[in-house]
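Undergrad: When you number the sequence shown by this note's numbering, it's gap-free, plus one each residue, and the end is 334. Ideal placement from N, C-alpha and C gives every residue a C-beta, glycine not left out.
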Amino acid sequence: MIGWRIIKTGIAVALCIWIAQLLKFEYPFYSAIAAVIAMQATIEGSLRAGIQRMKGTIVGAVTGYVFALAMVNSPWWTGLGLIVTMTIVKFMKWPEAMNIASIVFIAISVQLTGKPLDYAVNRIIDTALGIIVAYLVNRWVFPPRYHKETEKSFQDARHHVIRLYQVAFRALLDNQVEVGVEEVDKLQQNLEEAQSFVALVQKDPASKKSGEVRFYERYVNPLTRLDQMRITVEQMIHLRQEWQFPISAKLHTDLVQVLNRSYSFLSLITNPTEYSAIGAYEETIEMLEKVRIRVIKDHQGTYGGPNKQYILELLDWIAKLIEATSGCLRLSP
2 MIGWRIIKTG IAVALCIWIA QLLKFEYPFY SAIAAVIAMQ ATIEGSLRAG IQRMKGTIVG
62 AVTGYVFALA MVNSPWWTGL GLIVTMTIVK FMKWPEAMNI ASIVFIAISV QLTGKPLDYA
122 VNRIIDTALG IIVAYLVNRW VFPPRYHKET EKSFQDARHH VIRLYQVAFR ALLDNQVEVG
182 VEEVDKLQQN LEEAQSFVAL VQKDPASKKS GEVRFYERYV NPLTRLDQMR ITVEQMIHLR
242 QEWQFPISAK LHTDLVQVLN RSYSFLSLIT NPTEYSAIGA YEETIEMLEK VRIRVIKDHQ
302 GTYGGPNKQY ILELLDWIAK LIEATSGCLR LSP
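1. Starting from the C-beta of Q22, find all residues in its chain whose C-beta is less than 7 Å away, skip the five residues before and the five after it, and write them out in chain order.
2. Once you ignore the five residues that flank L330 on each side, which residues in its own chain have a CB closer than 7 Å to its CB?
3. Could you tell me how far apart the beta carbons of S32 and L130 are, in whole angstroms, since I believe they sit closer than 8 Å?
4. Helix, strand or coil for P96? Go by DSSP, reduced to three states.
5. Jot down the residue ranges of each uninterrupted alpha helix (DSSP H) in the segment 218–270, minimum 4 residues, whole runs only, in chain order.
6. Go through its chain and collect everything with a Cβ distance to L48's Cβ below 7 Å, but skip five positions before and after it.
7. Please name the residue in G61, E194, W318 and L192 whose C-alpha comes closest to that of A98.
8. Starting from N139, trace the alpha helix (DSSP H) in both directions and tell me its first and last residue.
9. Would you check if the distance between the CB atom of G347 and the CB atom of A39 is smaller than 8 Å?
10. I'd like to know whether the C-beta atoms of N191 and Q245 end up nearer to each other than 8 Å.
11. With DSSP collapsed to three states, give me the class of D299.
12. Quick check on the DSSP output: what are the complete alpha helix (DSSP H) runs of length 4 or more inside the segment 11–43, in order along the chain?
13. Tell me whether P223 is buried or exposed, calling it buried when 16 or more other Cβ atoms sit within 10 Å of its Cβ.
14. For V180, which three-state DSSP category applies?
15. Taking all protein chains shown into account, decide if F143 is buried (16 or more other Cβ within 10 angstroms of its Cβ) or exposed.
16. Assuming contact is defined by CB atoms lying nearer than 8 Å, are I132 and R54 in contact in what I supplied?
17. Does DSSP classify A71 as helix, strand or coil?
18. Touch check for the segment 66–76 and the segment 108–127: three-plus C-beta pairs under 8 Å?
19. On the criterion of 16 or more Cβ atoms from any shown chain inside 10 Å, does Q177 qualify as buried, or is it exposed?
20. Can you tell me where the alpha helix (DSSP H) holding L315 begins and where it ends?
21. What residue range does the alpha helix (DSSP H) around D157 cover?
22. Under the three-state reduction of DSSP, which class applies to L201: helix, strand or coil?
23. In this structure, does DSSP put P144 in helix, strand or coil?
24. Measuring CB to CB, does Y304 end up less than 8 Å from L256?
25. Helix, strand or coil for L192, going by three-state DSSP, please let me know.
26. Which one of P96, A69, G46 and D127 has the shortest CA to CA distance from I20?
27. Can you tell me whether G4 is helix, strand or coil according to DSSP?
28. Using a 10 Å radius around the Cβ and a threshold of 16 neighbouring Cβ atoms, would you call K9 buried or exposed?
29. Rounded to a whole number of angstroms, what is the C-alpha to C-alpha distance between I238 and E183?
30. Keeping to the same chain, check which residues put their C-beta closer than 7 Å to that of R231; ignore five residues upstream and five downstream.
31. Evaluate A158 with the Cβ neighbour count: other Cβ atoms within 10 Å of its Cβ, from every protein chain shown; 16 or more gives buried, anything less gives exposed.
32. Let me know the secondary structure DSSP gives Y282 once reduced to three states.
33. Determine the contact status of E283 and R262, defining contact as a CB-CB distance below 8 Å.
34. Is L332 helix, strand or coil by DSSP?
Set out below in structure tokens:
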């Protein structure tokens, strides 16, 4: 499917060429190239890329003009000028402007056929036109809005965590249930996608109107918590590889209760209600502590059996998942 960025780039280039021809610019090519580079995924990105290109163009045009005045027809003179140009850009700490500054310098010093000053000024004007057109097109023609995609990716990640946690826990209760590490990899990809959308939203000036605190509470903090949940599920899958079956009937019953209560609490991240969340949190913590005490007091090995240490480790990881869930629900800092 063709994205809007591709379509808007084509529109921006067409407008640049049309305006350049209308104003009788000698080289519409430079305006078009500037528009392509300046068209980014976000409005803020377009502005930033445009500014960097403008900086590079000005540096390259000035150094190109100065070196062209010497009228030294030598490749070594051009090489020296390029070194000076790149040194200036590096000194100014504009790494993103390095390439365009070099290109503009070479274009002026090698391909110059008219007056150096006219050529240098025209390149600056050409670039400015491309940047302005790209920025305006990106801002007014189907402007990027990533809130919807961010919400969807977060919902997908939440449901994925819940589903995978349930499967991983059931695999500890039943040796017939299998779950692979590749499922965790898919979850990680899901979280990375959500993270990329969050990064785009953060760069969008429109998102800042809602306030940094609200944005952090809605996206950044939950994303961190979801990644903590992913780690817990991953560790549970690793524990499954060391788990010895069968387990005692009493332990099985208790773990089923832990699963049911923790799963119910975790599920609240998709549809939270404060009253039920607090109650589910307290019940889950209470059940975890009850099982922990039974495992610790099981000196005969009739409860935990050979899995005693693994059970304690499992309970620790579940406790971390519960705390991460509590953070998502804003029950804890």
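TA: With the given structure in hand:
1. Position 21 of the sequence shown, counted from the first residue, corresponds to residue 22. Sequence-distant Cβ neighbours of Q22 in its own chain, meaning closer than 7 Å and more than five residues away, are P29.
2. Residue 330 sits at position 329 when you count from the first residue of the sequence shown. For L330, where only same-chain residues beyond five positions count, the Cβ hits under 7 Å are L269, I270, P273 and A278.
3. Taking the sequence shown and counting its residues from 1, one reaches residue 32 at position 31. Taking the sequence shown and counting its residues from 1, one reaches residue 130 at position 129. Rounded, the Cβ-Cβ distance is 4 Å, consistent with contact.
4. For the purposes of this step, residue 96 is taken as the residue at position 95 of the sequence shown. In the three-state reduction of the DSSP assignment, P96 falls in the helix class, which pools H, G and I.
5. For secondary structure counted as the alpha helix (DSSP H) over 4 or more consecutive residues, the segment 218–270 holds these complete runs in sequence order: 222–243 and 250–268.
6. For this step, residue 48 is matched to residue 47 along the sequence shown. These residues qualify, in order along the chain: Y136.
7. Taking the sequence shown and counting its residues from 1, the one referred to as residue 98 is at position 97. Among G61, E194, W318 and L192, the Cα nearest to that of A98 belongs to G61.
8. Indexing the sequence shown from 1 puts residue 139 at position 138. P117 to W141 is the span of the alpha helix (DSSP H), which, as asked, contains N139.
9. With the chain running from 2 to 334 in the structure shown, residue 347 is simply not present.
10. Working through the sequence shown from its first residue, we reach residue 191 at position 190. Working through the sequence shown from its first residue, we reach residue 245 at position 244. Not a contact, by the Cβ cut-off of 8 Å.
11. Here residue 299 corresponds to residue number 298 of the sequence shown, with the count starting at 1. Coil at D299, not helix or strand.
12. Along the segment 11–43, the alpha helix (DSSP H) occurs as fully enclosed runs of 4 or more residues at 29–39, listed in sequence order.
13. On the sequence shown, position 222 is the one that residue 223 refers to. Taking a 10 Å sphere around the C-beta of P223, we find 16 or more other C-beta atoms and assign the residue as buried.
14. Mapped onto the sequence shown, residue 180 falls at position 179. Shown here, V180 sits in coil according to DSSP, grouped into three states, outside any helix or strand.
15. Looking up residue 143 in the sequence shown gives position 142. With fewer than 16 Cβ atoms within 10 Å of its Cβ, F143 is classed as exposed.
16. Residue 132 sits at position 131 when you count from the first residue of the sequence shown. Residue 54 sits at position 53 when you count from the first residue of the sequence shown. Taking 8 Å as the Cβ cut-off, I132 and R54 qualify as a contacting pair.
17. Counted from its first residue, the sequence shown places residue 71 at position 70. A71 sits in coil when the DSSP states are folded into three classes, being neither helix nor strand.
18. Two segments are said to touch when three or more pairs of C-beta atoms, one from each, lie closer than 8 Å; by this definition the segment 66–76 touches the segment 108–127.
19. For the purposes of this step, residue 177 is taken as the residue at position 176 of the sequence shown. Label assigned to Q177: exposed.
20. Residue numbering aside, residue 315 sits at position 314 when the sequence shown is read from its first letter. Taken as a continuous stretch (DSSP letters only), the alpha helix (DSSP H) holding L315 covers K309 to C329.
21. The residue given as residue 157 occupies position 156 in the sequence shown. Residues H148 to L174.
22. The count along the sequence shown starts at 1 and reaches residue 201 at position 200. In the three-state reduction of the DSSP assignment, L201 falls in the helix class.
23. Working through the sequence shown from its first residue, we reach residue 144 at position 143. Residue state, collapsed to three classes: coil.
24. As a position in the sequence shown, residue 304 is number 303, starting the count at 1. As a position in the sequence shown, residue 256 is number 255, starting the count at 1. No, Cβ-Cβ distance for Y304 and L256 is not below 8 Å.
25. Along the sequence shown, read from residue 1 onward, the residue named residue 192 stands at position 191. Looking at L192 - three-state DSSP - the assignment turns out to be helix.
26. As a position in the sequence shown, residue 20 is number 19, starting the count at 1. Of the candidates P96, A69, G46 and D127, the one whose C-alpha sits nearest the C-alpha of I20 is D127.
27. For the purposes of this step, residue 4 is identified with residue 3 of the sequence shown, where counting begins at 1. Of the three classes helix, strand and coil, the one that applies to G4 here is coil, per DSSP.
28. For the purposes of this step, residue 9 is taken as the residue at position 8 of the sequence shown. Around the beta-carbon of K9, 16 or more other beta-carbon atoms lie within 10 Å, marking it buried.
29. Sequence index remark: in the sequence shown, residue 238 carries index 237 (1-based). Sequence index remark: in the sequence shown, residue 183 carries index 182 (1-based). Each residue's Cα considered, the two are about 11 Å apart.
30. For the purposes of this step, residue 231 is taken as the residue at position 230 of the sequence shown. Counting only Cβ-Cβ distances below 7 Å, and skipping sequence neighbours, we find V162, V185, L188, Q189 and L192.
31. Start at 1 with the first residue of the sequence shown, and residue 158 comes out as number 157. Around the CB of A158, 16 or more other CB atoms lie within 10 Å, so the residue is classed as buried.
32. The residue given as residue 282 occupies position 281 in the sequence shown. Y282: helix per DSSP, three-state reduction.
33. If you number the sequence shown from 1, residue 283 lands on position 282. If you number the sequence shown from 1, residue 262 lands on position 261. Judged by their CB atoms, E283 and R262 are not nearer to each other than the 8 Å cut-off.
34. Numbered from its first residue, the sequence shown carries residue 332 at position 331. DSSP places L332 in coil when its eight states are reduced to three.
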